[in-house]
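See structure below.
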Amino acid sequence: LGASRAALEEAQRRTDAVLRTVASGVVAVDERGAVILANPRAEQLLGGVPPAGAAVAGMAAPAVAARLARFLSTSQDADGFEVEREGRTLRGQLTRLTRGGAVLTLDDVTELARAQRVLAWGEMARQVAHEIKNPLTPIRLGVQHLRRAHGRADFSTILEQNASRILTEIDRLDEIARAFSRYGGAPTERVPAEPTDIASVVRDVVALETLGESQVRWDLDAEPDLPPALARGDELREVLLNLFENARLADARVVRATVRRGATSDDTAAVVVDVADDGSGIAADVLPRIFEPHFSTRTSGSGLGLAITRRLVESWGGEVTIESELGRGTTVRVTLRAGDRRREP
């Protein structure tokens, strides 16, 4: 018995030594959410972890605690997530323990995320240059044609035709420039997010869509007596119009907007807007990158729509997620914090 106890103590010492030296943060909890162990790196990344036996809900990072609690309430074997904490990007991996409970491993991926953003900006810049060339070509050809046709009897007709084409291409350039500006604009340039009647804005945009000649059926289901949530009304309209346009371009026959009470990832009261369609859906291998900034080859848009959507929603303190299945449709969820006070950008 003494030898067994000594072996267990030695194994515990070795485990503790390993956990103290690993670069990842490690937190283990039992099936009730009580802390079993946490290494120093986890304490550093999370700003503190409750002592062994205490509820993990008391940790200094409520968003991480909420993810842990939700994981324990499901039957999932594993789950991954990213959260922002004090300007750092943390990537977490949750794994189910055989006898109940879970292990959370955390890594600081701030530099990796920054490098990925730099690469994304570089790719976007290349695609911006490509997109700008598209309207410049017909503008150049139109001007050259006008120079050659100057002095002809039918010049006024030629001028009208070419001026119309040139103005159309200038509008395309303007759209690209505006999209790039909206995506790259500094948050400090924006007015604070304000308490907004979310259902009212959604109702107005749905009503606007029904006025068109589209074959799409637009449905709205809004829970009554919803609290105000933090947003900017004009930007919320832009977000909704973009999501509805995406649904239309995905050949949706029915688009349903649902507005209801909910909660953010850190369990703060929220108003949730779901935009669900029965369109073509998004392939699983594309879905993880769907919010990355890029320009599509479609002439009707800049390709920055979803990147702008996420940037706007997050600037209000909200969250946006997407679920999709190829051939079945897509649901975009916008979660906005309930509140009656302005939020600085």
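According to this note's numbering, the sequence shown is numbered sequentially starting from 19. Ideal Cβ positions, reconstructed from N, Cα and C, are used throughout, including at glycine.
Item                                                                                             : Value
Within 8 Å, strictly: CB atoms of A7 and L112                                                    : Beyond the ends of the chain as shown, which are 19 and 363, falls residue 7; an answer cannot be given.
Backbone secondary structure at G297 - three-state DSSP                                          : coil
Three CB pairs or more closer than 8 Å across the segment 217-237 and the segment 340-347        : no
Integer Cβ distance of V53 from A72, believed to fall under 8 Å                                  : 6 Å
Endpoints, beta strand (DSSP E) assigned at I340                                                 : E337 to E343
Cβ-Cβ distance between A270 and G297 below 8 Å                                                   : yes
Cα-Cα separation between L267 and T339, rounded to whole angstroms                               : 19 Å
Local conformation of L383 per DSSP, three classes                                               : In the structure displayed, the chain extends from 19 to 363; residue 383 sits before or after that span and is not available.
Coil, strand or helix - Q94 by DSSP                                                              : coil
Bridge-paired residues (DSSP) for D125                                                           : R109
Strand pairing of T276, partner residues [DSSP]                                                  : D239 and D292
Enclosing beta strand (DSSP E) for I54 [first to last residue]                                   : V53 to A56
Host beta strand (DSSP E) of E212 (start-end)                                                    : E212 to T214
Contact under 8 Å by Cβ, V82 with G105                                                           : no
Closest by C-alpha distance to I326, when choosing among P245, E256 and A281                     : E256
C-alpha distance - L258 paired with A240, whole-angstrom precision                               : 15 Å
Own chain, CB closer than 6 Å to A70, minus 5 neighbours either side, in chain order             : V53
Neighbour flag for R132 against chain B, beta carbons, 8 Å                                       : In summary, chain B is missing from the structure at hand, where a single protein chain is found.
Integer Cβ distance of E212 from L248, believed to fall under 8 Å                                : 7 Å
For L254, the residue or residues it bridges with in DSSP                                        : BP columns for L254 are empty, so no partner.
Identified DSSP bridge partners for L354                                                         : V289
Same chain, Cβ closer than 7 Å to L90, neighbours up to 5 away in sequence not counted           : E49, G51 and A120
Beta-carbon proximity check, L64 vs A78, cutoff 8 Å                                              : yes
Those residues which DSSP pairs with F99 across a bridge                                         : G110
Residues that T349 bridges to, as DSSP identifies them                                           : A294 and E341
Three-state secondary structure (DSSP) of A120                                                   : strand
Sequence-distant residues of its chain with Cβ nearer than 6 Å to V293 (five each side left out) : L261, A275 and V350
DSSP bridge partner residues for G43 (one or two, in chain order)                                : L124
Inter-residue spacing [alpha-carbon to alpha-carbon] between P153 and V161                       : 13 Å
CB of I157 within 8 Å of CB of I184, strictly                                                    : yes
Straight-line Cα distance separating I308 from V223                                              : 24 Å
Helix, strand or coil at L248 according to DSSP, with G and I counted as helix                   : strand
Distance, R328 Cα to E207 Cα                                                                     : Low local confidence applies: a pLDDT of 49 at E207 is under 50, so the model's placement there is unreliable, with the coordinate-based value given in what follows. So the two alpha carbons sit approximately 17 Å from each other.
Exposed unless 16 or more other CB atoms sit within 10 angstroms - verdict on G336               : buried
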